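Read through the structure below, which is laid out as structure tokens, and then see the notes.
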Amino acid sequence: MSLATQPRELVSLRDICIVHGRGPTATIAVEGLDLDIGRQEFVCIIGPSGCGKSTLLKAVAGLLPPASVQGTVTVDGAGADEARKANKFAFVFQEPTLAPWRTALENVRLPLEVAGRRKPHRSPEELLDLVGLKGAEHKLPHQLSGGMKQRVAIARALTLQPDVLLMDEPFGALDELTRDRMHEELLNIWSATETSVILVTHSLIEAVFMADRVVVMSPRPGRLTATVGIPFDRPRAHALKSRVDFLDKVNEVRTALEATHDDHR
Ligand SMILES: Nc1ncnc2c1ncn2[C@@H]1O[C@H](COP(=O)(O)OP(=O)(O)O)[C@@H](O)[C@H]1O
Ligand SMILES: [Mg+2]
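Just so you know, we're using the numbering used here here: the sequence shown kicks off at 577 and counts up by one.
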């Protein structure tokens, strides 16, 4: 294949339809959704509560019954099952879901044990350092703050060097100041990896601050209704959030989000 015809996109979602349940009580969560994510791209998906954001991420990660998902997911041209078996996806949920009896370091090591892999790209110690937890390696989850636990979950997600990090409102349970700090830190972590990120959020500011591109989802059944490119230089620091051109972008996304609501009224 010549360079010109090589796919630029890393992940392609084509005509994704997801239905929860069967029969008269079936819920169409996502319908006719197409999305491409580039290599090392940071994409935020924003949409109203209940529009199918979590459902979409779970479908990509293979966490839903296959019968409920239609359409195709490809990673690097390969099918989704193959990609999942090769650990190309990693998931960070809103709640960090750490094993409570394992230290921070042991939690980060867990995927290596499960996958039976000896030589990671980055050691669990390096990853804990990357997420700012040097010195907390031997603490148990109950000894860590909410923000620290979520950093452990992020380090754990990076252990098998995923191509794509799927994040479902990862900072939703944190207080506002911690969340602000985590925004900058996640961007620093991401810039030190080769990972693409798909982050779901309902925060306009979070989406605009983090993303290369914000995609807007309609109320259920969720489809993509708008895409807003985010041009701000990186690295991005907290001060960006008070700039006028930043607030203009936030308003642009807000308008796109309101337009999909109005269509449904
Ligand atoms: N396991 C399930 N069984 C039945 N319905 C579900 C299930 N999970 C989610 N839903 C429904 O699908 C829709 C989308 O849910 P979800 O993806 O969690 O939305 P979001 O993450 O955007 O808030 C909602 O109407 C929700 O009630
Ligand atoms: Mg959700």
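By construction, the Cβ of each residue, glycine as well, lies at the ideal position given by its N, Cα and C atoms. Here the structure is a predicted model, which is why all the values come from computation and not from measurement.
Residue i vs residue j beta-carbon contact at 8 Å
i    : j    : result
L611 : L800 : yes
D838 : F618 : no
I613 : M793 : no
V728 : L720 : yes
E701 : T679 : no
D744 : L633 : yes
P797 : E607 : yes
L716 : P676 : yes
R786 : L762 : The sequence shown places Met at residue 786, not Arg. Yes, these two residues count as a Cβ contact at 8 Å.
V804 : K825 : yes
V668 : L736 : no
Q616 : E770 : yes
Bounding residues of the beta strand (DSSP E) (the contiguous stretch that carries residue i)
i    : result
I621 : 618-622
Q726 : Premise fails: Q726 lies in the alpha helix (DSSP H), 722-734, not in any beta strand (DSSP E).
S772 : 772-777
L640 : From DSSP, L640 is part of no beta strand (DSSP E); its letter is neither H nor E.
R685 : No beta strand (DSSP E) contains R685, which is instead part of the alpha helix (DSSP H) from 680-691.
A605 : 603-614
A666 : 665-668
V790 : 789-793
Collapsed DSSP secondary structure at residue i in the structure displayed
i    : result
Q737 : coil
R590 : strand
T673 : coil
H759 : helix
L742 : strand
L800 : strand
G655 : strand
H814 : helix
S578 : Because S578 carries a pLDDT of 46, less than 50, the predicted location of this residue cannot be relied on, and the following value inherits that uncertainty. Coil, per DSSP.
V645 : strand
G805 : strand
T631 : helix
T650 : strand
G837 : The residue you asked about is not Gly; residue 837 is His in the sequence shown. Residue state, collapsed to three classes: helix.
CB contact below 8 Å: residue i versus chain B
i    : result
G647 : Included in the structure is just one protein chain, with no chain B present.
First and last residue of the uninterrupted alpha helix (DSSP H) at residue i
i    : result
V784 : 780-786
L716 : It is not in any alpha helix (DSSP H) - L716 carries neither H nor E in the DSSP assignment.
K700 : In the sequence under discussion, the amino acid at residue 700 is Pro, which differs from the Lys named in the question. Where P700 is concerned, the enclosing alpha helix (DSSP H) stretches over 700-706.
- [ ] Using the beta-carbon of each residue, find all residues closer than 7 Å to any heavy atom of ligand 2 and list them in chain order.
- [x] In chain order, the residues with a C-beta atom nearer than 7 Å to some heavy atom of ligand 2 are K629, S630, D744, E745, V776.
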